[in-house]
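Read the structure below first, then the notes.
Numbering (our numbering), first residue to last: 129 to 238.
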C-alpha cells in the first residue's frame, strides 16, 4: 500500500484573499511545510499581495515531532488531525514550544 506523502492543512478563500498550507515528506525524508497567502490581507501587512514560506523539519528530527504530537508512524495523518483549517495557525507555536528544530525560508512579493 502506497502512503500519502502530502496533505493540505489549509486552503481557504475569503474577502481578504487566499491562504494555503500543505505539508509533505520529501524523498530525502524531510518534512516540509509550504504556505502561501495572497490578497488584500497580505498587502495590508507587507505592502505586497503575496507571502510564501517553507519550514523544513529534517528527517532526523521527525521522531521528536512525532513524540510531541503523539503520533505513530504516520505523522501526516496526525498533522491533518491536529492542525487543519484554522488550527493550522498553531503549528509554529507548537514547534517552538516543543523545541522542534526547523529551517525557515520566506518571501514577500508579487
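The beta carbon of each residue, even a glycine, is placed where N, CA and C say it ideally should be.
Note that this is a predicted model, so its numbers are computed, not measured.
Check                                                                                                  : Outcome
Check for me: the beta strand (DSSP E) holding residue 172 runs from which residue to which?           : That residue, residue 172, is in no beta strand (DSSP E); its alpha helix (DSSP H) goes 168-174.
Give me the Cα-Cα distance between residue 204 and residue 168, rounded to the nearest whole angstrom. : 31 angstroms
List the endpoints of the continuous beta strand (DSSP E) containing residue 193.                      : Premise fails: residue 193 lies in the alpha helix (DSSP H), 190-197, not in any beta strand (DSSP E).
Rank 233, 174 and 151 by C-alpha distance to the C-alpha of residue 190 and give the top, closest one. : 151
Kindly indicate which three-state DSSP category residue 153 falls into: helix, strand or coil?         : strand
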